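Remarks on the structure that follows.
Number of protein chains: 4
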Amino acid sequence: MDYQAVLEEVAAHARPFVRQGRVADYIPALERVSVDRFGMAVADIHGAVYGVGDWEVPFSVQSISKAFSLALVMAQSHGSQGDGDIWKRVGREPSGTPFNSLVQLEAENGIPRNPFINAGALVVTDRLQTLTGDASTSMLHFLREESGNPHLAFDQAVADSEAEHGDRNAALAHFMASFGNLENPVPSVIEHYFWQCSIEMSCRDLAVAGGFLARHGLRADGSRLLEAREAKRINAVMLTCGTYDAAGEFAYRVGLPAKSGVGGGIIAVIPGRCTLCVWSPGLDARGNSVAGAAALDHFTTLTGWSVF
Amino acid sequence: MDYQAVLEEVAAHARPFVRQGRVADYIPALERVSVDRFGMAVADIHGAVYGVGDWEVPFSVQSISKAFSLALVMAQSHGSQGDGDIWKRVGREPSGTPFNSLVQLEAENGIPRNPFINAGALVVTDRLQTLTGDASTSMLHFLREESGNPHLAFDQAVADSEAEHGDRNAALAHFMASFGNLENPVPSVIEHYFWQCSIEMSCRDLAVAGGFLARHGLRADGSRLLEAREAKRINAVMLTCGTYDAAGEFAYRVGLPAKSGVGGGIIAVIPGRCTLCVWSPGLDARGNSVAGAAALDHFTTLTGWSVF
Amino acid sequence: MDYQAVLEEVAAHARPFVRQGRVADYIPALERVSVDRFGMAVADIHGAVYGVGDWEVPFSVQSISKAFSLALVMAQSHGSQGDGDIWKRVGREPSGTPFNSLVQLEAENGIPRNPFINAGALVVTDRLQTLTGDASTSMLHFLREESGNPHLAFDQAVADSEAEHGDRNAALAHFMASFGNLENPVPSVIEHYFWQCSIEMSCRDLAVAGGFLARHGLRADGSRLLEAREAKRINAVMLTCGTYDAAGEFAYRVGLPAKSGVGGGIIAVIPGRCTLCVWSPGLDARGNSVAGAAALDHFTTLTGWSVF
Amino acid sequence: MDYQAVLEEVAAHARPFVRQGRVADYIPALERVSVDRFGMAVADIHGAVYGVGDWEVPFSVQSISKAFSLALVMAQSHGSQGDGDIWKRVGREPSGTPFNSLVQLEAENGIPRNPFINAGALVVTDRLQTLTGDASTSMLHFLREESGNPHLAFDQAVADSEAEHGDRNAALAHFMASFGNLENPVPSVIEHYFWQCSIEMSCRDLAVAGGFLARHGLRADGSRLLEAREAKRINAVMLTCGTYDAAGEFAYRVGLPAKSGVGGGIIAVIPGRCTLCVWSPGLDARGNSVAGAAALDHFTTLTGWSVF
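Sequence lines, in order, name chains A, B, C and D.
Just so you know, we're using numbering that gives the first Met the number 0 here: the first sequence kicks off at 0 and counts up by one.
Just so you know, we're using numbering that gives the first Met the number 0 here: the second sequence kicks off at 0 and counts up by one.
Just so you know, we're using numbering that gives the first Met the number 0 here: the third sequence kicks off at 0 and counts up by one.
Just so you know, we're using numbering that gives the first Met the number 0 here: the fourth sequence kicks off at 0 and counts up by one.
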């Protein structure tokens, strides 16, 4: 497979979609990004990396961090209690329509439906905080090591901006706390959650750092982060829950495990082959990058690769 | 009407119901109250007061305070913007089942259904805070003046205890703040709300202090707190929304405007005649005093007074 | 009280509101009615009747029939099992927002919240069918007797039209049947329900026929239809649930027990004094007559009569 | 891969789970089946078939038929309007919790979330009825041809029994009809839907008949039923929506596209390799076969095959 040629063709195909979305505007720090950006990277399981467009430009990872915090909690847990521990506090089912998020949390006694909706990610962050003592810094260190980029950093302006507009996440956290589903104080959990979301990474950084998902759990240095079945399971959760309320549609169109963020990035996995990351800030109504989804769709069409 | 004789008979009738309910146990300060208590007072519109049982024993007013904060906001508002102001931020419709509270808040863009559910009372407290600069102390002063009891006070243990177990109210407040429906900082609104709930009053104090609702808006000293139509409207909201999710049932059985609290108190109004307050800490599944409801039911049967 | 003078003034006041609403258009038979109509009648408890405008023009009673079917079921039941029977199958609580109707029915195991939402009225009709063998004809006969108008009749075009557009009511009925909450076959219950709604009556007819609600349960001929407490309880349910999702607002503005229909009629009760009926086909967004509500509001302002 | 050896080992592993579930009892015809049954078959893409236990015993396919009706509608549609047609009337997203089914249908204007919940399957059946003139017989003929078993038949007792207890499906159908989302009369759609569910097939029949899903759309005779991307997309919908409200959990544990039925059958696909069918009538709380899920889980563990 000539990855570089495929990426060039994918980029050409995705270009017309770039301006169709809307840049996230709920915080000023994200709103400033130009809608014209487009980049894509592929990291194969042998360490080779390919890229096109703005693939080395850092952007805000936002919810893509949720895939890494889940992996870190599962990695930290399997020594002691197995991966079952976190799954008592968060489900593995898709979440249905957004307007149901709170009623489901209420109806299901403060147990979020899955780790990739905000409520679920707050629980995972809370657990990571307990396990590591610092849920955001431990993630940053992991991402630096896996990506091989020691310059990765939090974006304080983004984290502060999130906190200023963080009433909805505070509501979710207090609500779960009222059911006894948080171990740490609400303000601490929210703060680490916002720091995780604020990390800046490029398509290259993310495709490389997510390599363990394509390598059945092996880290960049060959050591084992997760059991093969654990990596497989994170991929399963990404496929069923990774793209907000469009997971079914995304599976239908693209057919790959993926996790998106409102910064416009999407990370996707072809198990046993490669990890992809695409970035374009214009979002559709459900919060997924329009050009990013079109690019992944075209990538699977050109390569014939899909999990189905 | 020989109020004293009626009260004696009502107390005898209600006595068997006293032990049927459960004392609120979500905070220790309430849990300690003996389930055996029962008291009832009637204050007629001419200033006479009658009582039976523990009618002079102070208890925690809890949600009964919501009727007074609404009255104070309406009283403070009619000079300037009319009573329409607060009604842009809170509705006047019954709230349906409890499990819907959050989904309704979500579906209706952060506008609570009525001022007597917690979310609505937080909005009213927020408004009172803006209007007076101190939503809890201004209410305390008003209650002292109207009841003629200068010893009324907050119960700090109760307020602290509420705050410790206040995650659900914090969730509601942050959620409404995310829709822009709070004027003051969340922690300040919650704090004043808890202080209001913690005020200790007896049946006598409450029946006398609520006299303006039976006197079509006139205060104890004869001055006007509310227009007649404003007092009538608070009574209407009490009838349709004043007893949690049992308002329809309460109207069916008792047929009087009323506001209950989880401390076991219920205040009720017979417009143009008198204001009643009954107290017994045992609650039914919906949070209303079992013996209190039975007493009011029997009172209306004996007197033939009802609004219908 | 000079009722005639009051009615004239109320009609003048309501006139500007007549064209503000929209005529119900979900079935052709209702759509054809002119929006310009306005009529109002008062029947006092001594048998005198007063009217203004189109007060003698028949219109489709629609949901106003729900108040009469409830009364007939209560009247038929008290000999045997007391009024408790029907209340095991339908609640007495306001229904919250319309979008919740089905989820509440689902969450509450097929028990509708109250007898005045469609689901609840289907249960009441089902019960009346069991008690009388013919739920629609028995109601028609009752209305002829009470109104003194032997010419009252069903409007077949309306009943047929309802049936043609009756999928939503069929859905509700089948759903309740799946919970075992219907005694008769779904098609039979729906048919009688539509016949009841199709009855044509004037303001005069309705005000006179509803006199028993103001006379504490006594029929036009002085015989007893309901116990006084039963009549009082129907009034309570009308106040808390009688005007669709606007019951709280209606209680706030008007302060009278009332039942409205999408034909544009509203019946209202001043217990111990009189029964009112107003008609104007233009509806607000919640299905209540705009000019009708304005007229009742002004009537209470002029007379000072309200239940609060 | 020695399929036969794998099946024997899987059967031994699944045996202890056989009695853990409960046989569906909502209709007598299903209730009669012994909980002790267990069978499993694998049909590889080259035509070989392997089986273990009760793999040749017919059982009621129930909701497994939903996968075939979707395939038939997609196959019939691509000549004219492409597969887009049906997707305007039914979504592709997982459905969230069961208790939300009706509120989602209401909130989303009568468009079911996906073709594998009952509401969605009714829409697909309605479309198949329009396309073929006989939605149940056309499916039966297709299954006979693909399975090579000319004796496949409807079970009239099951179809009649479903119809007798069919109020909930009638409610869904009428509700969608009220939004204009049915092309054929409600009774006709429901009848064909029940006939489809009543078809009796063995594990062998189903594994063979579902071969086109593993063969990227090719039928047993080598002709094309679906485009490769259409087959891939049905697999995607099976993975995200095929096992009722446990789709996320099933993807997490098993990692294969699958469709289950309350008869205890589950069909699963390993694209490019084989189609599996397992049957054991004991169900878990969400309606999936307990031993069937355990068998598929163990099959993927032994073979290392998963889509992730």
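Glycine is no exception: its CB is placed at the ideal position from the N, C-alpha and C atoms.
Computed from a prediction, not measured in an experiment: that's the story for all the values here.
Not a single CB atom of chain A sits nearer than 8 Å to the CB of residue 118(B). Selection 213(B), 214(B), 203(B) and 302(B) evaluated against residue 53(B) yields 203(B) as nearest (Cα-Cα). Sixteen is the threshold: when 16 or more other Cβ atoms of the shown chains lie within 10 Å of the Cβ of residue 61(D), as they do, the residue is buried. Distances from the alpha-carbon of residue 215(A) to those of 225(A), 208(A), 206(A) and 207(A) put 225(A) closest. Each residue's CA atom was taken as its position, placing residue 233(D) and residue 301(D) some 26 Å apart. Where residue 65(C) is concerned, the enclosing alpha helix (DSSP H) starts and stops at 64 to 76. Unbroken beta strand (DSSP E) stretches of 3 residues or longer found wholly inside the segment 115 to 142 of chain C: none. The residue among 208(D), 190(D) and 304(D) with its C-alpha nearest the C-alpha of residue 127(D) is 190(D). Within the segment 9 to 64 of chain B, the complete beta strand (DSSP E) segments at least 3 residues long are 38 to 43 and 48 to 52, listed from N- to C-terminus. Scanning its chain for C-beta atoms nearer than 7 Å, with the 5 sequence neighbours on each side dropped, one finds around residue 49(C) the residues 2, 3, 6, 40 and 41, in chain order. Segment contact: the segment 249 to 257 of chain C against the segment 100 to 117 of chain C, fewer than three CB-CB distances shorter than 8 Å; contact not assigned. A Cβ-Cβ distance of about 7 Å is found for the pair residue 88(D) and residue 110(D), placing them in contact under the 8 Å criterion. C-alpha of residue 245(D) to C-alpha of residue 16(B): approximately 46 Å in a straight line. In the structure shown, the three-state DSSP call for residue 181(C) is coil. If the five residues before and after residue 230(A) are omitted, its C-beta is found closer than 7 Å to the C-beta atoms of 211, 212, 215 and 216, all from its own chain and listed in chain order. DSSP, read as helix, strand or coil, puts residue 176(B) in helix. For residue 101(B), at least one C-beta of chain A is nearer than 8 Å to its own C-beta. Here residue 300(A) carries a helix assignment [DSSP, helix/strand/coil]. Residue nearest to residue 117(B) within the set 279(B), 206(B), 174(B) and 151(B) is 174(B) (criterion: CA-CA distance). Residue state for residue 281(D) is assigned as strand, using DSSP reduced to three classes. Identification of chain B residues near residue 173(A) by a Cβ-Cβ cut-off of 8 Å yields 166, 167, 169, 170 and 173, ordered along the chain. With fewer than 16 other Cβ atoms from the protein chains shown falling within 10 Å of its own Cβ, residue 45(A) counts as exposed. In the DSSP annotation of this structure, the continuous segment of the beta strand (DSSP E) that includes residue 259(B) starts and ends at 257 to 259. By the neighbour-count criterion, in which a residue is buried when 16 or more other Cβ atoms sit within 10 angstroms of its Cβ, residue 21(D) is exposed.
No Cβ-Cβ contact shorter than 8 Å links residue 130(C) with residue 198(C). Non-local beta-carbon contacts of residue 176(C) in its own chain, meaning distances under 7 Å to residues more than five positions away in sequence, involve 185 in chain order. The C-alpha of residue 305(D) lies about 11 Å from the C-alpha of residue 267(D). Beta-bridge partners assigned by DSSP to residue 266(A): 258(A) and 276(A). DSSP places residue 152(C) within a strand segment (E or B) once states are collapsed to three.
By the criterion of at least three beta-carbon pairs nearer than 8 Å, the segment 272 to 280 of chain A is not in contact with the segment 284 to 303 of chain D. Taking 7 Å as the upper bound on Cβ-Cβ separation, chain B lies near residues 231, 232, 234, 235, 236, 238, 239, 240, 244, 246, 247, 248, 250 and 251 of the segment 222 to 251 of chain C.
Distance from the CA atom of residue 296(D) to the CA atom of residue 10(D), rounded to whole angstroms, is 12 Å. The Cβ neighbour count for residue 57(B), taken over all protein chains shown within 10 Å, is at least 16; the residue is labelled buried. Contact between the segment 18 to 37 of chain D and the segment 156 to 165 of chain D is present: three or more C-beta pairs spanning the two stretches fall below 8 Å. Nearest to residue 31(A) by C-alpha distance, out of 137(A), 281(A) and 167(A), is 281(A). For residue 108(C), no CB of chain B lies under 8 Å from its own CB, so it is not counted at the interface with that chain.
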